[in-house]
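I have placed the structure first, in the form of structure tokens, so that the comments after it can refer back to it.
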Amino acid sequence: MAGFIVIVLLLVEISSGNLMRHTTALMHEVKMQWRDMNHPSLPGLEGEGLLLMDEDTGNILFSINDTERLYPASTTKILTALITLEKGNPHDLITVGKEVNLRTPGESSAGLKQGQKLRLKDLAAAMLLPSGNDAARTAARYIARLDSGHSMSPEASEVYFASLMNARAKELGAKSSHFVNPHGLHDPNHYSTAKDMAMIARAAMRNKEFRSITAEQKHTAALSHVTFTNRNKLIQSGSEYYFQGADGIKTGFTDEAGYCLVASASRQGRNLISVVLHSTAEGVWLDSSKLLDYGFKLKQ
């Protein structure tokens, strides 16, 4: 009789999905403990793909699964903003078009309106700080027309811009990445690695305009007087996750990608870049802080 009860309870567990959840949680815990054993200098990291880079030299100071293919979510916009600033002029006047109507419910937005005018630098801020997918689409449409010499539909602009992204990524050595859109919304063919994102971020931080924008807590567009607030909690001085010296770079989240952050910080003339992909809501900030703090404590 007791055996029968155990079997019934087991079937209930399986049918309710509880056993699967418990098994998944246990496997994750074992994986984390095994990883901590192999990386005792930085235990408790929750991200799936992690990397710490010396921005000045390009040397990798710490990494876990840095070549594993993962979804980058809105950290994609690092490359989008870099290409936008490289191919356009920061003072170019942009008129927001019908591409903003591609916005879907719940996605991140800078609140841009069709017909709104703003400088290209402000457009870059709109995608980097509040993570505006609308700003990324507008940038893609503008740069696609500028680069090709003719106008395209919003959808065709994204395809054209994605080709620019893939070409630029390869130039930077990010050869394990593939991008299909400028904003990072999930697509199984839109992926990168922690190592690739670090290389892209390093190139972006060498761009004067990019570096200036990504370090801002807030950015006000001169023409429309709209203010964009940075989602990066490492930069926000009032945040519990504030990290002294943090000066970038980009947050990201989708259900498939988890919580992502490519961060940067500077102390005493030393510049570091950290990458955390597929972490948790709290872990993404703690992971980034641990990586950066570890880097600054290393002897040069």
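Mapping the sequence shown onto our numbering, position 73 (from 1) lands on 457, and the numbers just tick up by one. Here a beta-carbon is modelled for each residue, glycine too, at the ideal position from N, C-alpha and C.
Rounded C-alpha distance that separates residue i from residue j
i: S648; j: T522; result: 26 Å
i: S596; j: K617; result: 17 Å
i: E539; j: D450; result: 32 Å
i: D605; j: K505; result: As written in the sequence, residue 605 is Ala, which differs from the Asp given in the question. Computed Cα separation, rounded: 9 Å.
i: T441; j: K482; result: 43 Å
i: M589; j: S535; result: 30 Å
i: H412; j: A641; result: Here H412 scores only 48 on pLDDT, less than 50, and its place in the model is too uncertain to base an answer on.
i: D631; j: S658; result: 12 Å
i: A494; j: I462; result: 16 Å
i: L675; j: P474; result: 32 Å
i: P687; j: D518; result: Outside the modelled stretch of the chain, which goes from 385 to 684, sits residue 687, for which no answer is possible.
i: K554; j: A585; result: 13 Å
i: I448; j: E439; result: 18 Å
i: E491; j: P514; result: 11 Å
i: R552; j: R615; result: 26 Å
i: A508; j: S621; result: 22 Å
i: P572; j: S537; result: 23 Å
i: Q684; j: N550; result: 34 Å
i: S650; j: L656; result: 6 Å
i: G428; j: G516; result: 32 Å
i: G629; j: D639; result: 30 Å
i: F612; j: R453; result: 31 Å
i: I619; j: T488; result: 28 Å
i: H562; j: A546; result: 9 Å
i: T635; j: G533; result: 32 Å
i: W669; j: L645; result: 8 Å
i: K602; j: F446; result: 31 Å
i: S444; j: G472; result: Strictly speaking, residue 444 in this sequence is Ile, with Ser absent from that position. Distance between the alpha carbons of I444 and G472: 31 Å.
i: L496; j: Y544; result: 22 Å
i: F680; j: Q652; result: 9 Å
i: L569; j: D671; result: 23 Å
i: E593; j: L512; result: 12 Å
i: E542; j: E666; result: 32 Å
i: N485; j: Q498; result: 8 Å
Assumed close pair residue i, residue j - CB separation to whole angstroms, cut-off 8 Å
i: I467; j: L548; result: 6 Å
i: I527; j: L502; result: Incorrect: roughly 15 Å between the Cβ atoms, too far for contact.
i: S673; j: Y625; result: 7 Å
i: M581; j: T459; result: 6 Å
i: L469; j: N591; result: 6 Å
i: P566; j: A510; result: Between A510 and P566 the Cβ distance is about 13 Å, and since that is not below 8 Å, they are no contact.
i: L426; j: Y643; result: Their Cβ separation, rounded to whole angstroms, is 18 Å, which puts L426 and Y643 out of contact at 8 Å.
DSSP three-state assignment for residue i, whether helix, strand or coil
i: K461; result: helix
i: V484; result: helix
i: V543; result: helix
i: G533; result: coil
i: F680; result: helix
i: A505; result: Per the sequence presented here, residue 505 reads as Lys, with Ala not at that position. In this structure, K505 counts as helix in the three-state DSSP scheme.
i: V564; result: coil
i: D518; result: helix
i: D671; result: helix
i: T479; result: strand
i: L512; result: helix
i: L435; result: strand
i: L445; result: strand
i: L469; result: helix
i: L429; result: coil
i: L496; result: coil
i: L548; result: helix
CB contact check: residue i to chain C, cutoff 7 Å
i: G667; result: The question asks about chain C, but that chain is absent: this structure has only one protein chain.
Problem - beta strand (DSSP E) runs wholly inside the segment 576 to 657, at least 3 long, in chain order - result: 602 to 604, 611 to 613, 630 to 638, 642 to 651
Handout entry: Sufficient close CB pairs (3 or more, under 8 Å) joining the segment 427 to 434 to the segment 557 to 574
Key = no
Problem - Inter-stretch contact at 8 Å, needing at least 3 Cβ pairs: the segment 572 to 580 / the segment 606 to 615 - result: no
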